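Residue numbers (our numbering): 166 to 553.
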C-alpha cells in the first residue's frame, strides 16, 4: 500500500511538472509572438503582421478539424504542405539566398560567397508572373509555351512597404535591365535625383567626391626604380600587378589596388607618381557623341518619379532605353520630332525611381556605366550578411 501510494504521488508529481513545462512553453511562445508582432508594427510592417496572423490562423483552423488532426497520413501531408507554403512565403516576402557569380564586387564579396538578401528593407515586390514564384517556376523551365504565356501575362508592378529606403552605398541585388533571368549584385552609388559624374575614375555625387570605401579597388599606375621591390610588395600586400614596363631608368607599373593598398603604397619611398590608371573604354549611352568613358562620364541626373525632362538633345540618348523598357512606353524619334505612344510631344515625366549601380572592382565589373540605370521595379533586396 505504501509503495502504491508513493508511486501514485511520484506519478502525480511528474504530471504536474509536465503540465508546468507545457504551460511555460506556451507562455514563452505567446510572448515571443507578441513582441515580434509589436516590433513589426513599430517599424511599419503592418502587412507582415496581418499575413502571419492569417497564415497561422489558417493552420490552427485546419488542425482543429478532426480528420486533419487524428488521421496520421493526412496530418503528415498537411504539415508538409504547410512547411512548403511557409518556405515559399519566406522566399517571396522576407529573404532570399544568392551565390556571388563573379569578381565584380571584390574586395567586399568574392565569387562563390553565399549571401542573405533581405526583402523587408525596401519592401518585397509582388511576383509579376507565375515563374517569379519560387518552386512554381519549375513548371515553366521545360516548357517554351508556358514560358511564353507567362511572359505575356505579367501582372502590374506592386511593392509592399519596407522599413527603409535604398541609400548610397547599399549593396543591392537586382535584375539586369536587359535580361529578366539574370540577377546582379552591385553597390548603389546614385539614388533618384542625384547628379552623377565621374572624373578620372573619381565618383562625384552632387559635385562632391564620394567617400572611398576600403573594399573598392581599381587600377593604379606608378613608377618605381626596382621591380623586385614591387614584386615583394605585391606578395605582402596581396595585390595583382597587371602590367610592368621599363621606361628609361625606372619601371612603369599598373596594379589593381583597393583603397587601403593604395594609401599604403602612397606613403612608401621609391613609389613615385601613383595615380589612377584612367581607362578610355566607351561608356553608356553609346550614342549621342558624348565622348564619355567609364572613368570620365557625366554629369547627368538620375531619374526620379515625377521628374520631367525635355526629350531633345542628349536627354533622348540618356533616357530612351529606360523609357521604352522600364516605363513600358512607345518612344520614337522621327527627324526632330518625338512621339510617345503615337502622340507627338517634346517632354516626358518618369513613373518610377531609378538608381545607378557600380561594382567595387571597378575595372572588372559590368555595371551602370555600360547599360545605364536600374529601375526600382527591378530591385529585389539588400545584402545584409555573408553566410559562407
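Ideal Cβ placement from N, Cα and C applies to all residues, glycine included.
Treat the numbers as computed from the prediction; the structure is a model and nothing was measured.
DSSP three-state call for residue 271: helix, strand or coil?
Residue 271: coil per DSSP, three-state reduction.
In whole angstroms, what is the alpha-carbon distance linking residue 264 and residue 275?
Whole-angstrom Cα-Cα distance: 9 Å.
Could you give the first and the last residue of the continuous beta strand (DSSP E) run that contains residue 262?
Unbroken beta strand (DSSP E) run through residue 262: 260-264.
Buried or exposed: which applies to residue 404, given that a residue is buried once 16 or more other Cβ atoms fall within 10 Å of its Cβ?
Buried: at least 16 other Cβ atoms inside 10 Å.
Per the DSSP calculation, residue 384 is bridged to which residue(s)?
Looking at the DSSP assignment, residue 384 forms a beta bridge with 421.
May I ask you to list the residues that DSSP assigns as paired with residue 512?
Looking at the DSSP assignment, residue 512 forms a beta bridge with 475.
Return helix, strand or coil for residue 441, following the three-state DSSP convention.
Reduced to three states, the DSSP call for residue 441 is strand.
For residue 231, which three-state DSSP category applies?
It is helical.
Could you give the C-beta distance for residue 541 and residue 518, rounded to a whole number, given that I count them as a contact under 8 Å?
Indeed, because the Cβ distance is near 5 Å, the residues count as touching under 8 Å.
Considering only the alpha carbon of each residue, which of 228, 217, 355 lies closest to residue 372?
Nearest C-alpha to residue 372: 355.
Measuring alpha carbon to alpha carbon, tell me which residue in 261, 443, 288 is nearest residue 279.
The residue with the shortest Cα to Cα distance from residue 279 is 261.
Within 10 angstroms of its Cβ, does residue 460 collect 16 or more other Cβ (buried), or is it exposed?
So residue 460 counts as buried.
Name the one or two DSSP bridge partners that residue 526 has.
The partner list for residue 526 (beta bridge, DSSP) reads 382.
Identify the continuous beta strand (DSSP E) that holds residue 407 and give its terminal residues.
Note, residue 407: beta strand (DSSP E), 405-412.
Are the CB atoms of residue 533 and residue 522 nearer to each other than 8 Å?
Yes; because the gap between Cβ atoms is below 8 Å, this pair is in contact.
For a test of the three-state rule: what should DSSP assign to residue 539, helix, strand or coil?
Residue 539: strand per DSSP, three-state reduction.
Have a look at residue 439 and residue 407 and give me their C-alpha separation to the nearest angstrom.
Taking the straight line from one Cα to the other gives about 15 Å.
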